[in-house]
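Have a look at the structure below before the remarks.
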């Protein structure tokens, strides 16, 4: 066994790209298996990984604490440039390091079985393949786990087996050699191991590498074999030791690594769940995973403009689905700040009814309907456990649990010292009446594009619509999840109208029994009149945030949902006037929401959302720039929604369509190098908040779909 010791050549010193120990948020790519994800940086470091599920405790979380969080880093020693991209039409991530001396590729993926009826068990592995493509490259490998959000202690042991160091000659003359296994055993009951196997394309000369009498060193010397000698090291502030090694790779040499939960020693266990670790296995897993993603995205029917961007967003959304239940997470990360140094650091690893419904809408519109069925199953299960008042919760865990108690991980310093780092989410018991509109809209689309809703589902729909009938007049906390205040938000009233409208449409299109039809019609009309009177400001000539706002009317970008949800014609004079107000700059007393073609969520000088006064970014369906002047704070907004609203109005107002095109193209540029979008964008253009954000990709896909349709001469799509 290697001995524990301190090593001066550490990755945080080797990497000059990490500002104060942290990569920019936009410098990460995402891999996953529809159970969880890992975030891999452009410098080759996996800095975020919760296992085995999205909302499980983290094993790697250096993105939230550079010293304690844990990481799995592979990087070149010496100067190099890096490029990162996905393999085409897949969620397999490749990071390339290039220098005059050589080129090294790191391929990161989590295996997904082939899309077959009787497919093999899912291997919950985190796989990394390091391959030298040209020249010679010396690389360093580090694996420092930090179990249970860096709270649980662990031990580290290096174990050799019968196959360790023994060469396996392949039919093509190449050969492989498995290395020792590193075992990490935590106090929280989780035991992980790290295995690797070395592949060389050269044919060994002058020595029989299959002879057990020949030492590993002699074999390695004979075939110029790279050897990984792990060193166990305990770093300050870590809850247990990790391992590191340095190895020189030459062209044609490859190291395949798998980080996985150590299988239980059960002879009756399925062998497919713990296959023999070979080079052939790793190659097959990569090929199988690539084929899975190719076949999945090939089902898309979208062939219009911005196809690559739309498909990348669809692939990202697919990674954020939890396949066992059909739930969709709002984002796969937690604790990422909406403002550097601020307290708006939320946990988004749960399923919001709103976000999930919008996700299904986005996927269904381009022909990817399988996920809609999974989400419908999730909703039907939740409808069996409604609240005492007969409603749904705002959010659930991905397993459908109701309680998400919010706590702080005070031992973590937070991304660039943004504290507190929260897990759980205190908004789970909020009253947000808008969720019924988004949900009913997704059910309506499921019925239209996937399969007719069942009678049992229709009975649940009737219960939900009747809940809206009985509760729509209540104040709530709405889409922005304000804390400590309830108001009559215009957005919520509009979405209550949508719930009733889609319920009535379903009943009519399917001739379904609707004993409360007259009450639904009456309530739908009543809500409409309320929005057009109480939600309209004669003073500002626009729709406003709350019914209570008439004295000091507050403009809110969420009203952009009105033409998108078919509540109002996009060319209605009131909507056009509202668009003009939103597109005014926030500075110089004009009180608009648009700056540099980016839209603010609302004016925080006129509305207290119950949180700190630090500057925040935006929801990246939504973007932000920081306005100047007293009382102005950067806030979230809906630029993609504005693009779509302008697009829909463009049939009667061509100048607005031209504006939409420019804004959309500019918005795409705010995605990162992989076209992944964060929750928010700072005034400097820096990504903020949990990353990547489902809402962003949803709004982008919808805007692209309708903009392409408009440019092709078609009307707005529902």
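In the numbering used here, the protein residues as written are -19 to 698. Glycine included, every Cβ here is placed at the ideal spot set by N, Cα and C.
Going by CA-CA distance only, name the one from the options that's closest to residue i.
i: residue 238; options: 445, 256, 244; result: 256
i: residue 4; options: 324, 425, 316, 14; result: 316
i: residue 10; options: 469, 159, 295, 319; result: 295
i: residue 541; options: 488, 466, 624; result: 624
i: residue 61; options: 311, 47, 54, 83; result: 83
i: residue 640; options: 652, 653, 619; result: 619
i: residue 673; options: 310, 132, 120; result: 310
i: residue 266; options: 72, 34, 43; result: 72
i: residue 409; options: 564, 395, 458, 224; result: 458
i: residue 241; options: 636, 173, 219; result: 173
i: residue 262; options: 89, 480, 278, 576; result: 89
i: residue 223; options: 230, 212, 70, 555; result: 212
i: residue 365; options: 480, 665, 440, 106; result: 440
i: residue 375; options: 352, 691, 406; result: 406
i: residue 577; options: 528, 519, 645, 552; result: 645
i: residue 379; options: 78, 426, 178, 329; result: 329
i: residue 687; options: 420, 634, 666; result: 634
i: residue 657; options: 638, 396, 290, 386; result: 290
i: residue 680; options: 288, 48, 133; result: 288
With a CB to CB cut of under 6 Å and the five nearest residues on each side skipped, what residues in its chain are close to residue i?
i: residue 388; result: 400, 402
i: residue 521; result: 557
i: residue 22; result: 7, 62, 64
i: residue 30; result: 16, 36, 38
i: residue 544; result: 624
i: residue 111; result: 85, 234
i: residue 422; result: 337, 340, 341
i: residue 229; result: 112, 117, 206
i: residue 715; result: Missing from the structure shown is residue 715; the chain here goes from -19 to 698 and no further.
i: residue 344; result: 352, 425, 429
Tell me the DSSP bridge mates of residue i?
i: residue 469; result: 526
i: residue 86; result: 75, 110
i: residue 224; result: 122, 211
i: residue 547; result: In the DSSP output, where bridge partners are listed per residue, residue 547 has none listed.
i: residue 166; result: 134
i: residue 536; result: 582
i: residue 139; result: 161
i: residue 239; result: 106, 174
From residue i to residue j, what does the alpha carbon distance come to, in whole angstroms?
i: residue 327; j: residue 45; result: 16 Å
i: residue 163; j: residue 668; result: 35 Å
i: residue 171; j: residue 308; result: 28 Å
i: residue 485; j: residue 428; result: 11 Å
i: residue 216; j: residue 413; result: 48 Å
i: residue 210; j: residue 75; result: 23 Å
i: residue 176; j: residue 68; result: 26 Å
i: residue 631; j: residue 286; result: 20 Å
i: residue 643; j: residue 684; result: 11 Å
i: residue 341; j: residue 123; result: 40 Å
i: residue 129; j: residue 653; result: 29 Å
i: residue 381; j: residue 430; result: 27 Å
i: residue 282; j: residue 226; result: 46 Å
i: residue 608; j: residue 101; result: Note that residue 608 scores 34 on pLDDT, short of 50, meaning its location in the model is unreliable; the coordinates nonetheless yield the value given after this. The alpha-carbon atoms of residue 608 and residue 101 are separated by roughly 56 Å.
i: residue 392; j: residue 504; result: 49 Å
i: residue 42; j: residue 180; result: 33 Å
i: residue 512; j: residue 546; result: 14 Å
i: residue 18; j: residue 491; result: 46 Å
i: residue 40; j: residue 168; result: 15 Å
i: residue 648; j: residue 480; result: 34 Å
i: residue 361; j: residue 487; result: 22 Å
i: residue 650; j: residue 292; result: 14 Å
i: residue 629; j: residue 352; result: 29 Å
Here's a check: name, in chain order, each residue in its chain whose Cβ is nearer than 7 Å to the Cβ of residue i, leaving out the five neighbours to either side.
i: residue 573; result: 535, 537, 562, 566, 579, 580, 617
i: residue 140; result: 160
i: residue 456; result: 411, 412, 413, 466, 469, 472
i: residue 94; result: 268, 271, 272
i: residue 81; result: 115, 116, 117
i: residue 348; result: 279, 280, 294
Could you pull out every residue in the same chain whose Cβ sits closer than 8 Å to the Cβ of residue i, ignoring the five residues on either side in sequence?
i: residue 303; result: 14, 15, 354
i: residue 369; result: 447, 451
Given the structure, does residue i come close to the ligand MN, in the sense that its CB is under 8 Å from one of the ligand's heavy atoms?
i: residue 81; result: Among the components of this structure there are no ligands whatsoever, and the ligand MN is therefore not found.
Please list the segments of the beta strand (DSSP E) lying wholly inside the segment 13 to 69, counting only runs of 3 or more residues, in order along the chain. You should have 17 to 21, 25 to 30, 38 to 40, 51 to 56, 61 to 66.
List in chain order: all unbroken alpha helix (DSSP H) runs of 4+ residues lying wholly within the segment 276 to 363. Listed in chain order, the complete alpha helix (DSSP H) runs (minimum 4 residues) inside the segment 276 to 363 are 287 to 299, 333 to 345, 350 to 362.
Contained alpha helix (DSSP H) runs [length at least 4] in the segment 384 to 440, N- to C-terminal order: If only uninterrupted alpha helix (DSSP H) runs of at least 4 residues are considered, those enclosed by the segment 384 to 440 are 415 to 429.
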